[in-house]
Every structure is written in structure tokens, then in C-alpha cells.
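Engineer:
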Amino acid sequence: MVKHNAFYNNQVFPFCERYDSQKNKWKIIAPMNIARSGAALCSFKNQYLFSFGGRVDQKRIVDVIECYDIKSDAWQIIESSDCDKSNWIPAYMSNAYQITDKEIMIFGGKSALTFQIFDGVFVFDIERMAIKERGSLVNPCSFMNTPLVFNHHLYAYGNDVYVHRYNIPEQKWSCIPKTLV
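So that you can map any letter, position 157 of the sequence shown is 158 in our numbering, and since no number is skipped, the others follow by simple counting.
Below, the structure written as C-alpha cells:
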């Protein structure tokens, strides 16, 4: 488990920590290059962490992607010249999850274009270094919890009245009212 960045007194700090469940302790790891809060954080192949978007203050959502190498304890910014982000709308309080051996899905949050909760869904292809739009959520939503995968379905507990469910093989979103779970 990784905890990244803090928003305190209208200031964002770049600090990150990793939780060691065997020792029951938090350990400080390398700070991110761009301090921000509310970024979508996703593990990838148990070797890397990817951080998408987030905000640097109350009015600025950034289009920054960073990759953390667990072995070297270092964050690296993925430069725009190395990655096609032209189809991506960055967000604050979005979510991300590895859905194939080369893809991370990024979804929901507060749009950098409108500052409203939106239904955007995007896929970051690690091999092609490109982000493409992939449909939309059934309902616009922001997220603060880590999604779970069970039986080929991704479940994301939204900041609304629904659990958002994504059928990975069919690439289709649906909603389950929280009153039913």
C-alpha cells in the first residue's frame, strides 16, 4: 500500500509512504517530482506505480503522469514528448487499475476542463505510450477508494450512491446501488 502526497493548509506536499504489512509500519519512499493530491494511483506488474493527474492547488488539475520504480525507489515523469496524451482529459479524484498485461484504465474524477465530476474512461497503453478514450461510466463519479477485481469484474466504490462495475472481457460498465451491497 502506498500513500502519496498531502493537501494541508492549501499546500500540497510531495511525500510518499509505503506500508509494510509484515512489520506493521509505514516507510518513507522517494517523493514525487510534482507535488499533487487526488491523483489516480495504480500498481503495474507488481514492479511499478503509475500516478495520473491530480491537483496542485484548488484551481489547477495537472496532466502529469509519473512512474515509480519499486526496486530503484525513484519517480520518473513520463514526458509529453514520449507519450500521446492528446485524447486524455486529466482529472482529480479519478481512479486507475491495470486491466491487461499492458493497459491501465483511468476513470471518473473531476475534469480538468470543467472542474465538474465527469464520466470519462481512458486506457493508457504502456507499450504504445498512448492514452485513448474508452467509453464512459454509466454515471459521472469521483473516487477515493482502491478498486477491486473479482470474477473478471472491476468494482469501484464511488463517491455517489453506486458501486461502479466494469466487465473486463466485455468492456462494459454498469452500476449497482449501494443499498444492494
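Ideal Cβ placement from N, Cα and C applies to all residues, glycine included.
Being a predicted model, the structure only gives us computed values, none of them experimental.
According to the neighbour-count rule (16 or more other Cβ atoms, all chains shown, within 10 Å of its Cβ), is H153 buried or exposed?
Structural biologist: Exposed, since its Cβ has fewer than 16 Cβ neighbours within 10 Å.
Engineer: Let's see if you can read the secondary structure: which residues bound the beta strand (DSSP E) around L50?
Structural biologist: Segment 49 to 53, the beta strand (DSSP E) holding L50.
Engineer: With three or more beta-carbon pairs closer than 8 Å as the criterion, would you say the region 79 to 91 touches the region 153 to 171?
Structural biologist: Not touching, per the Cβ criterion.
Engineer: List in chain order: all unbroken beta strand (DSSP E) runs of 3+ residues lying wholly within the region 105 to 179.
Structural biologist: Complete beta strand (DSSP E) runs here, min 3: 121 to 126, 131 to 137, 149 to 151, 154 to 158, 163 to 168, 173 to 178.
Engineer: Looking at the strands, I want to know which residues DSSP matches up with I71.
Structural biologist: Per DSSP, none; premise fails for I71.
Engineer: Considering just the uninterrupted stretch of the beta strand (DSSP E) at Q99, what are its terminal residues?
Structural biologist: Run containing Q99: 96 to 99, per the beta strand (DSSP E) assignment.
Engineer: At the level of alpha carbons, what is the spacing between S95 and F144?
Structural biologist: Approximately 6 Å between the Cα atoms of the pair.
Engineer: How long is the line joining the alpha carbons of V162 and I30, rounded to whole angstroms?
Structural biologist: Looking at the two C-alpha atoms, the distance is approximately 35 Å.
Engineer: Could you tell me how far apart the beta carbons of G136 and W174 are, in whole angstroms, since I believe they sit closer than 8 Å?
Structural biologist: With a Cβ gap of about 7 Å, G136 and W174 count as contacting.
Engineer: Just grab the DSSP bridge partners of L42 for me.
Structural biologist: Its beta-bridge partners are S52.
Engineer: Just grab the DSSP bridge partners of I79 for me.
Structural biologist: Partner(s): none; I79 has no beta bridge.
Engineer: Per DSSP, which residues does D58 bridge with? Please list them.
Structural biologist: In the DSSP output, where bridge partners are listed per residue, D58 has R61.
Engineer: Going straight from the alpha carbon of N87 to that of N140, what length do you get?
Structural biologist: Reading off the sequence shown, one finds Ser at residue 87, where the question assumed Asn. Approximately 24 Å between the Cα atoms of the pair.
Engineer: Exposed or buried, A75, counting other C-beta atoms within 10 Å across all chains shown (16 or more means buried)?
Structural biologist: With fewer than 16 Cβ atoms within 10 Å of its Cβ, A75 is classed as exposed.
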